[in-house]
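Chains as they are written, first to last, in the numbering used here: chain A, 58 to 322; chain B, 58 to 322.
Rendered as structure tokens:
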């Protein structure tokens, strides 16, 4: 049976609210997903929350089903007021369902590169919305997952999880320093592909090999030269306008769809 | 000579700060751009602000040049403290340069469809970040501009301008109701292309004609059926993963780059 919580000062309320902060996420090893759509997506990927919180009254049948499944799996179900849910989610119009999920380990050893022809690799991406959007794009294009290099934003932040639209549960996620990643990459098959202004190779005519690792650089600085130098292939997306760059999530998508298109052709 | 402003209650400070709200933008007919990069981009597109505000000390030579040009063109230059600039920009780490620009008229009559082979058309997009990102993508891919249908977010909001990375100054922008847009569209050449799940036509094999009008639907609901029915071409971007949709700005970019690729081939 769900526990009833009616106090703002309840320990579970405080613990879940704290998951908006990276430090608390790291300490607890948990992250938040909000809303029935993403939580149902997680369940379809056989992931249930450790704690699920919902507002009293008018529960969607699918929500009720996931709450029951969470309890059956030993998780904690908490029924509370819209006010308290609002405090937990930090929004005026909160989603009526919150789940706190265990963060998977993010070491490279978890990545099975043979499980997919395409992998996204992000170097020091700082915008969690971009990271979530790239997860969502990765799911759409059939990528296996996301490897975060150096000082990237947290893929388990609320904003990244929201932008992923559930792909945080379907895409593998790993984090590593550049040197560590290179060692791992060169220990098996894999073409490292970067976008660059310093090449004449058009992204439309390049030959992409499987597994392909698409390397996307930081939003402001792009890829460091030393990283470009390690790429097996550098390609250019020709720009028709005044600007010389794309939004990082857009560049990742244009490249990923072109790589896939080249294999479908 | 720049005016010195040292009071938070100064009328100009209040008026510029108010430009974060859509109502004030409409009343004043102005919008804000922040930071040297975007303001220099505007100048390169022969657009100067009516009012330019900067913090005392350590001015970049390019900023000084644009401030002088603004004054020479009859605009207002205001030198103030970092504190007041911070209040105007609503951020703790404000850009050291703000410009208030006149909003161009947004009637369809301003759009010269023969000036570009590609136009972006957004139906009720609600996220200003998406609108700014699509402007930036449009610039990169050589689109002529953006037509906003129905209840779209304001392309002149601070968030949209920021995400556009200056493309708000290089892309034409129009706004219209659907009926009005259709009348205008059918009064000249133009292929209206929508993305849909209800077609078998792959976006990679479709034939795109010039000028091509790419229609992107609302983030949540996608395109209404009645709008799809008016399209000259419906295409599908096949999804490999669990999800059946892409982020709106991603879908716009994947389509725009493919349309352009089909013409380059």
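Ideal Cβ positions, reconstructed from N, Cα and C, are used throughout, including at glycine. Note that the coordinates shown come from a computational prediction; the quantities given were computed from them, not determined experimentally.
Outcome for residue i when other beta-carbon atoms lying within 10 angstroms are tallied against a minimum of 16
| i | result |
| --- | --- |
| residue 309 of chain B | buried |
| residue 315 of chain B | buried |
| residue 171 of chain B | exposed |
| residue 82 of chain A | buried |
| residue 61 of chain B | exposed |
| residue 175 of chain A | buried |
| residue 84 of chain A | exposed |
| residue 177 of chain A | buried |
| residue 139 of chain A | exposed |
| residue 58 of chain A | exposed |
| residue 259 of chain A | exposed |
| residue 200 of chain B | buried |
| residue 268 of chain B | buried |
| residue 92 of chain B | buried |
| residue 219 of chain B | buried |
| residue 131 of chain B | exposed |
| residue 254 of chain B | exposed |
| residue 217 of chain B | buried |
| residue 264 of chain A | exposed |
| residue 112 of chain A | buried |
| residue 282 of chain A | exposed |
| residue 321 of chain B | exposed |
| residue 317 of chain B | buried |
Cβ-based neighbour list, residue i, same chain, cut-off 6 Å, excluding 5 preceding and 5 following
| i | result |
| --- | --- |
| residue 205 of chain B | 179, 232 |
| residue 274 of chain B | 180, 280 |
| residue 251 of chain B | 272, 280, 285, 288, 291 |
| residue 212 of chain A | 188, 230 |
Contacting residues, own chain, Cβ-Cβ under 7 Å from residue i (five flanking each side not counted)
| i | result |
| --- | --- |
| residue 184 of chain A | 210, 276 |
| residue 141 of chain A | 62, 65, 70 |
| residue 266 of chain B | 248 |
| residue 103 of chain A | none |
| residue 162 of chain B | none |
| residue 305 of chain B | 182, 187, 273, 276 |
| residue 87 of chain B | 76, 107, 157, 158, 159, 160 |
| residue 117 of chain A | 93 |
| residue 295 of chain B | 259 |
| residue 191 of chain B | 177, 179, 203, 306, 309 |
Nonlocal neighbours in the same chain, by C-beta distance under 8 Å from residue i, ignoring five residues either side
| i | result |
| --- | --- |
| residue 261 of chain B | 315 |
| residue 133 of chain B | 60, 69, 107, 108, 109, 127 |
| residue 165 of chain B | 204, 231, 233, 237, 238, 241 |
| residue 73 of chain A | 89, 108, 110, 145, 155, 157 |
| residue 313 of chain B | 175, 177, 194, 195, 198, 200, 271 |
| residue 227 of chain B | 98, 102, 196 |
| residue 202 of chain B | 168, 173, 176, 177, 195, 228, 229, 230, 231 |
| residue 28 of chain A | In the structure as shown, chain A starts at 58 and stops at 322, and residue 28 of chain A therefore has no counterpart that could be examined. |
| residue 256 of chain A | 291, 292, 293 |
| residue 100 of chain A | 123, 126 |
| residue 311 of chain B | 260, 294, 303 |
Within chain D, the residues that residue i reaches when beta carbons sit closer than 9 Å
| i | result |
| --- | --- |
| residue 222 of chain B | Absent here is chain D; the protein component of the structure consists of chains A and B. |
May I ask you to verify whether the region 113 to 125 of chain B touches the region 236 to 248 of chain B, counting CB pairs closer than 8 Å and requiring at least 3?
With fewer than three CB-CB distances shorter than 8 Å, the region 113 to 125 of chain B does not count as touching the region 236 to 248 of chain B.
Could you tell me whether the region 93 to 102 of chain A touches the region 208 to 225 of chain A, using the rule of 3 or more Cβ pairs below 8 Å?
yes
With a floor of 3 residues, list each beta strand (DSSP E) that falls wholly inside the region 164 to 244 of chain B, ordered by position along the chain.
175 to 180, 202 to 206, 229 to 233
Contact set between the region 252 to 273 of chain B and chain A, restricted to residues whose Cβ is under 8 Å from the partner
261
Quick one: complete beta strand (DSSP E) runs, 3+ long, within the region 243 to 308 of chain B?
248 to 252, 269 to 273, 290 to 292
Quick check for students: name the residue ranges of the beta strand (DSSP E) that lie wholly in the region 77 to 155 of chain B, counting only runs of 3 or more.
For the region 77 to 155 of chain B, the full-length beta strand (DSSP E) segments reaching 3 residues or more read 87 to 91, 108 to 112, 133 to 137 along the chain.
Closer than 8 Å between beta carbons: that is the criterion. Which residues of the region 85 to 101 of chain A meet it against chain B?
98, 101
For the region 279 to 304 of chain A, which residues have a CB atom closer than 7 Å to at least one CB atom of chain B, in sequence order?
296, 297, 298, 299, 300, 303, 304
Output needed in chain order: residues of the region 193 to 204 of chain A with a Cβ under 9 Å from some Cβ in chain B.
193, 194, 195, 196, 197, 198, 199, 200
In chain order, what residues of the region 161 to 178 of chain A put their CB closer than 8 Å to some CB of chain B?
none
Near-chain B residues of the region 308 to 320 of chain A (beta-carbon distance less than 8 Å), N- to C-terminal order
310, 311, 314, 315, 317, 318
Contact set between the region 225 to 244 of chain A and chain B, restricted to residues whose Cβ is under 7 Å from the partner
227
Could you run through the region 127 to 152 of chain B and flag, in chain order, every residue whose CB is less than 7 Å away from some CB of chain A?
none
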